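Chains as they are written, first to last, in the working numbering: chain V, 1 to 286; chain G, 1001 to 1286; chain X, 2001 to 2286; chain S, 3001 to 3286; chain D, 4001 to 4286; chain L, 5001 to 5286.
Ideal Cβ positions, reconstructed from N, Cα and C, are used throughout, including at glycine.
Keep in mind it's a predicted model, so treat the numbers as computed, not measured.
Okay, so here's the structure we're looking at.
Protein chains: 6
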Amino acid sequence: MHLFDGDPLDDLIRLALREDIGAGDLTTEATIPKEARGSAVAVAKSELVLAGVDAARRVFQILDPSVTFTTRHIDGDKLGPGDLAFELHGSLRSLLIGERTALNFVQRLCGIATLTAQASAALEGTRTRLLDTRKTTPGWRALEKRAVRAGGGHGHRTSLADGVMIKDNHIAAAGSITLAVQRAKAFAHPLVKVEVEVKNLDEVREALAAGADMLLLDNMTDAQLAEAVRTVAGRVPTEASGNMNVARLAKVAACGVDYVSMGALTHSAPAADISLAISRVEGATR
Amino acid sequence: MHLFDGDPLDDLIRLALREDIGAGDLTTEATIPKEARGSAVAVAKSELVLAGVDAARRVFQILDPSVTFTTRHIDGDKLGPGDLAFELHGSLRSLLIGERTALNFVQRLCGIATLTAQASAALEGTRTRLLDTRKTTPGWRALEKRAVRAGGGHGHRTSLADGVMIKDNHIAAAGSITLAVQRAKAFAHPLVKVEVEVKNLDEVREALAAGADMLLLDNMTDAQLAEAVRTVAGRVPTEASGNMNVARLAKVAACGVDYVSMGALTHSAPAADISLAISRVEGATR
Amino acid sequence: MHLFDGDPLDDLIRLALREDIGAGDLTTEATIPKEARGSAVAVAKSELVLAGVDAARRVFQILDPSVTFTTRHIDGDKLGPGDLAFELHGSLRSLLIGERTALNFVQRLCGIATLTAQASAALEGTRTRLLDTRKTTPGWRALEKRAVRAGGGHGHRTSLADGVMIKDNHIAAAGSITLAVQRAKAFAHPLVKVEVEVKNLDEVREALAAGADMLLLDNMTDAQLAEAVRTVAGRVPTEASGNMNVARLAKVAACGVDYVSMGALTHSAPAADISLAISRVEGATR
Amino acid sequence: MHLFDGDPLDDLIRLALREDIGAGDLTTEATIPKEARGSAVAVAKSELVLAGVDAARRVFQILDPSVTFTTRHIDGDKLGPGDLAFELHGSLRSLLIGERTALNFVQRLCGIATLTAQASAALEGTRTRLLDTRKTTPGWRALEKRAVRAGGGHGHRTSLADGVMIKDNHIAAAGSITLAVQRAKAFAHPLVKVEVEVKNLDEVREALAAGADMLLLDNMTDAQLAEAVRTVAGRVPTEASGNMNVARLAKVAACGVDYVSMGALTHSAPAADISLAISRVEGATR
Amino acid sequence: MHLFDGDPLDDLIRLALREDIGAGDLTTEATIPKEARGSAVAVAKSELVLAGVDAARRVFQILDPSVTFTTRHIDGDKLGPGDLAFELHGSLRSLLIGERTALNFVQRLCGIATLTAQASAALEGTRTRLLDTRKTTPGWRALEKRAVRAGGGHGHRTSLADGVMIKDNHIAAAGSITLAVQRAKAFAHPLVKVEVEVKNLDEVREALAAGADMLLLDNMTDAQLAEAVRTVAGRVPTEASGNMNVARLAKVAACGVDYVSMGALTHSAPAADISLAISRVEGATR
Amino acid sequence: MHLFDGDPLDDLIRLALREDIGAGDLTTEATIPKEARGSAVAVAKSELVLAGVDAARRVFQILDPSVTFTTRHIDGDKLGPGDLAFELHGSLRSLLIGERTALNFVQRLCGIATLTAQASAALEGTRTRLLDTRKTTPGWRALEKRAVRAGGGHGHRTSLADGVMIKDNHIAAAGSITLAVQRAKAFAHPLVKVEVEVKNLDEVREALAAGADMLLLDNMTDAQLAEAVRTVAGRVPTEASGNMNVARLAKVAACGVDYVSMGALTHSAPAADISLAISRVEGATR
């Protein structure tokens, strides 16, 4: 992840700091001397896959660049209860003011990475790859997609601009799959592929004939998936989608699809449990 | 909820639209004629409590002010499978470009309201009120707190600026509960109360003696909670906190606390299932 | 005061620099060589209470981070004619380009601190505390409230979000003081108090009975204030308000109110007189 | 004044609304029904010269475009106690939420216009024109300069980019008045004039010889001003400056200067007294 | 082109209006009465292909939404001397203040469309399509790519995120074409193709073997291009690139490449000549 | 050029980086190890006058402050094929990600400086100075005007706020040249001059009589220019304007005008040819 001063992530972090700090942290200003310095540790309280370390670091860089942020871990590492995710040193006020915002980022992103790792494990040994979707938290797209990678998943298109995905509504408006694919191929730039959402074998055949580069097999049963894969016969990659959950993944993979995408990775992962504890106070008594 | 042009919510929505649209929706531009107009309906696909209607409306207002957004519902209404959450009419391109962003807002916020309603139901008939926390999605604080209200919960402080909450770290830095409370009372403005986090009866007594206006009973067992409530004896309100879940709430309420706060309402609610379907296409064939 | 990169203060400083610099400082670019370096001193030209040092420092940090800013003083220090408020060293062009903006901040904030110190002195020896109001310069709320603290005053609520203050219009719309207080208590979060503006003894009694946490005695004569204080009898804190000036403060305090708030502290303080002089030029001749 | 969506004034108004509203107006949300509508009037409570009407209108346009703002007055009109400055109609919540911010703009700007009118009156019948300075409230330059015009004053340069003003420090760095003027004439674009700050007759003569287009007679006594004007003998316009106040202006004008500039117009004008009253409530009882 | 309030184009237009208007249009404010209204016409003064109409419209929408903007043309229309590009009606001040900014947008974009049309004409009757590049004016990417489409060209990838293009430097760092292609295929999302820049036939063969989806034939002579096309033999599309100009295009097309990309379309097109004339003045005399 | 954090140039650079990077540089992330470091050189590929060095430096400062940017040149230096414009060292990923944006800035600005130098050379030995215009690329005004200076040209007014330029439309609306000049002189601040656009000798005489400070001789033939200059007889400076090109400049200068302004300098200069080559790779193999 490459951060520049002006990266949209900074916009989100500033929104987050402003909403949490408001007109100032009354409690910290009242009780912690301005000069007090100290250390803090972010500790995992359950099994989790780490993600969001860069976001946490950036929260403190923006809040107070004199705070040092260190970690022995990178996104994707597995942590158990008591393991240190990262350490902080600097102004005690800054540590306490940034605590909640940094944790809110990390807990959510670790939750996504952890769920993704469970889903990835269910696909281990198969040729099917796990994909994320655009069902991400508004404002968090890039962060959540990186958390999916940290958990062993793969990225689907990032925005509406970097891939063509023809769905029902597009087909209805265009008149047919064939017309929609033709228009997309004529319109899109040469480095983009055209995927078509299909619901049955007739649509599979029409999409293939129209020149689709990839097929989204939507809301099919395992049997339907298997039959669709046989029909495609390796001519283009296939993706299974629709209300996936970890328990079903192995069966979906057995149908032979190349990809399975799962919205729950980003929209329904419970937060991981991480807490921040002040581990050392220097000169705080006044 | 009052929205003005410049409200931080608009910043979040613009971030969200920019990240999803990127350099433009290739599929829609390729397949949907510019002039095509139509209607769409957002339909609940499971039982849920509605929230986030204003956010969805604002997504379309910002994206394309000529789209009309109508609904017969308000936040807090209960919807079942097939119920219409809201309807849209206007440029078909705009409906499709805004679909995912609007749904991503609404699905997450309905998820929070729905979980909150389950938790509120568990407290029904007791005098204990359910509170949210600051464990919200960064950038989403105001939205998520409104979703909690929609589900029947109540708001705790919104930011670090509108309430004093003295925790371990503040007490450690200040030297004692007594000193921390004194400093907070001297520092804070006259319309703010001072809450103190306590872990045992000794701390309960010291906080009360120091003049705390409210006590946070942190990570206590039900027995400990009941004893703390007896010790407080109604002198100040009490709040139970720490790894709450819906199943435990009734027992916590039975301990007699005034409030129970639950971070999972906002950090771990699974998304509700809502989808958008084009219900009518006008003049789309080209 | 804690500044982060993205703090709203930075927005104000950037607005200020943009409006003063416009398309560039013609005079300085024409007459001062790019390489010239030097020192400058900000000197008080009359008795004043210092405030706004952080804002002046931040102006130069944003304009040119290589300028060093040093001071032996902190906000609240008393300075006399000829005393140095702060010193600068660095690019001569930067010192001259930032001069007016930095002084415009400091002169206004010192003016507020100086007037506040006069008002505080008038209350010395009494139990009445001086409060600021929301009658601040738009965009300057946080800065001006800090200047009031520097002058020995205390802060009232910072925004409409961190305290309930029920005024005439709210009472009229709600139907009665009693109804307005009930609604506010039901709506507000548990760490916020409810203050009610009252104009006579009947309203004092109704507000107390309704459960108000604090009373604003609005536009009362000294005699009315004294009677109101007797009626309240210490049950809740009282605040006197309405066209206060320094001369009247001692009499108001004698009425026994807990607080007196004074809009003039922030809306009508004349600027303090401070000027910036180049004290040393290095290598300026070209 | 021409306002566009993106005008820096909008940035200031948004900063102001955000700082005053914070996370929401607790009192208004609690006590005023969402549907309540009504009218309000802004009433002068003392003699004043009106200014800032556009800013007040824009506050409500940004806060809630459905509020109607009407006035029979324009900037520069004289108002007495009880006169209506402007009227509002719309959502009662919006009127109350925007009240303080709008008044804070108008009261300050009317204060400036009123002081300027007093100063202008002191110059009436003379050929000397009153100028503002760059000693304005950071963020408010354009607003305050318009208020000066409303009070009958004239504008000096708006920013460092639209006029050359050579002061001591520039002269010191350049080596001499002559060198500084030569460099400025070579550097500046052809539509800009070069003014030189002079402290005595020798400097007057050097500046004229060097080709200065205008002279700033800085911190001179009346006698010195008169002598300087005689020396200039109408070859270029002259401006008197330095700790001006209303009482001295007539004497300064008698010295024959073309302009007198006065920083106090914008940095030390006390706020004018204007209040907002709800004049009519529709459907507020709930 | 879909514009939303918050589209990056709005950022560019606001930058442009701010830089041109600065602290206000002195000439227009001085000479045109505030109430004056009128019409203006934008007239082509030479043969050109129209582009940028949306940008011009948006300039006036942002500057003054009450100005009406009408046109009988769309991007891509051919105009000759005297033809009307668009018409405006509204505040005369607004028309004059927005004139230069709107024309600066339109003239540049028409220049690009006009040069593109010449290049497209040179390829007419061949199977080779004309592509734009990322050599666009910073801040103008989307606008300039649309102008290329208006002139009959096609878009290449819009940003570094929506296509893989492996160049020398990537190959050098990865070790070989083969390794670079493998890594790209493993990393990129499934809807993106991998293009490889090749300089000779050995590289053509290695790239094809490694699985490249498209080849960029860089800086080759016509003979080299023809040989490369024969080697590729239709397995993947080919693109010729490097110092293209209109005169050479037909020969390049004769080599059989699928695409030719030309940076000069966007970086070196001379501006088209369009002027704005006030065609009618209403009530301007004061 | 003075850059501060918040300078509008930064806004343009951030727009440019966002539009080029989008959701991330797929190719670089896939093929270049995160740790790889190296050097790169920007090399002129034809004769050119350097400009835009500060913009290129700033692109990398914003993108990745750890990249070092060094150059032996300043804006205005003449470079030939193979000369190094600047060198970079740091993260290889950052060098490649910033390459196109930095080059797009520099190539355009060098193109402007190079064309300006040709035009300046045509005026060498005459007393006529070359001026730029407001026909600049929206968002680029300050950058392009500096490029004109680098090429030996001079700046005209920067914005509508720093000079009065009365054109046809203003005259038509005001009623006459005389009225327009009078209003402008009364309205503008004292450091601004009033220029009037004239088309014939009658207008020259009226403008002079009205007190114009400078005349713009618009779209005149060489003979008309010469006659106008004789009529003005040195009373005010004169500027020739209207479809200038390098070939005509010497003849225009011979007419005796003080200035000649040329829009093509900024709106039609072809980009200069500069490329970036990785000159050294450290530790890139993974």
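- Fewer than three Cβ pairs drawn from the region 4244-4255 of chain D and the region 4079-4091 of chain D lie within less than 8 angstroms of each other, which leaves the two stretches out of contact.
- Non-local C-beta neighbours of S/ALA3184 in its own chain, meaning closer than 8 angstroms and more than five positions away in sequence, comprise VAL3164, ILE3166 and VAL3194, ordered along the chain.
- Taking a contact as a CB-CB distance under 8 angstroms, the pair S/ASP3020 and S/ARG3100 counts as one, their CB atoms being some 6 angstroms apart.
- The shortest C-alpha to C-alpha distance from G/ASP1077 to any of G/ARG1093, G/GLY1052, G/VAL1204 and G/MET1244 is the one to G/GLY1052.
- The beta carbons of V/HIS189 and G/ILE1032 sit about 18 angstroms from each other, so the pair does not count as a contact at 8 angstroms.
- Check the Cα spacing between L/ARG5157 and each of D/ALA4016, D/GLY4022, D/VAL4260 and D/HIS4073: the tightest is with D/GLY4022.
- Counting every other CB atom within 10 Å of its CB across the protein chains shown gives S/ARG3134 a total of 16 or more, marking it as buried.
- In the DSSP assignment, V/HIS170 falls within the alpha helix (DSSP H) that extends over 168-174.
- Of the residues D/ALA4040, D/GLU4197 and D/VAL4148, the one whose Cα lies closest to the Cα of D/SER4279 is D/ALA4040.
- Residues of chain L whose Cβ lies closer than 9 angstroms to the Cβ of S/MET3214 are, in chain order, PRO5190 and LEU5191.
- Here G/VAL1043 has GLY1082, ASP1083, LEU1084, ALA1085, ILE1274, SER1275, LEU1276 and ALA1277 as same chain residues with Cβ atoms under 8 angstroms from its own Cβ, once five neighbours each way along the sequence are excluded.
- Contact between L/VAL5232 and L/LEU5208 is confirmed by a C-beta separation of about 7 angstroms, below the 8 angstroms threshold.
- Residue range 238-241 is occupied by the beta strand (DSSP E) that includes V/THR238.
- Per DSSP, reduced to three states, the secondary structure at G/VAL1043 is strand.
- For G/GLU1029, the CB contacts under 8 angstroms within the same chain, skipping 5 residues up- and downstream, are ARG1093 in chain order.
- Contact between X/ASP2075 and X/LEU2103 is ruled out by a C-beta separation of about 16 angstroms, above the 8 angstroms threshold.
- When only Cα atoms are considered, L/THR5126 and S/LYS3199 end up about 39 angstroms apart.
- The DSSP-derived three-state label of G/ALA1142 is helix.
- Pairing G/GLY1024 with V/ALA186 gives a Cβ-Cβ distance that is not under 8 angstroms.
- Considering only beta carbons, no part of the region 39-55 of chain V lies closer than 7 angstroms to chain X.
- Annotated as distal: X/PRO2237 and X/MET2220, with beta-carbon spacing of 8 angstroms or more.
- For the 8 angstroms CB-CB criterion, V/LEU265 and V/THR71 do not form a contact.
- At a cut-off of 8 angstroms between C-beta atoms, L/ALA5150 does not count as an interface residue with respect to chain V.
- Within the region 3017-3035 of chain S, no residue has its Cβ closer than 9 angstroms to any Cβ of chain D.
- CA-to-CA, the gap between L/GLN5107 and D/GLY4242 works out to about 16 angstroms.
- Taking the Cα positions, S/PRO3138 is about 41 angstroms away from G/ILE1097.
- Using beta-carbon distances, S/ARG3072 does not count as an interface residue toward chain X, since no partner is under 8 angstroms.
- Residue burial annotation: G/ARG1014 is buried, with at least 16 other C-beta atoms found within 10 angstroms of its C-beta.
- Assignment of beta-bridge partners to V/SER261 by DSSP yields V/LEU131.
- At a cut-off of 8 angstroms between beta-carbon atoms, X/SER2159 makes contact with chain V.
- Nearest to D/ALA4180 by C-alpha distance, out of D/ALA4212, D/VAL4229, D/GLN4061 and D/GLU4047, is D/ALA4212.
- Burial state of G/LYS1145 is buried, judged by a 10 Å Cβ sphere holding 16 or more other Cβ atoms.
- Closest in C-alpha terms to V/THR136, from the list V/ILE112, V/GLY152 and V/LEU130, comes V/ILE112.
- For V/ALA277, there is no enclosing alpha helix (DSSP H); the enclosing beta strand (DSSP E) covers residues 274-282.
- Per DSSP, the unbroken beta strand (DSSP E) holding G/VAL1198 starts and ends at 1194-1198.
- Excluding its 5 nearest sequence neighbours in each direction, V/ALA272 has C-beta neighbours in its own chain below 6 angstroms: LEU48, GLN107, CYS110, GLY111 and THR114, listed in chain order.
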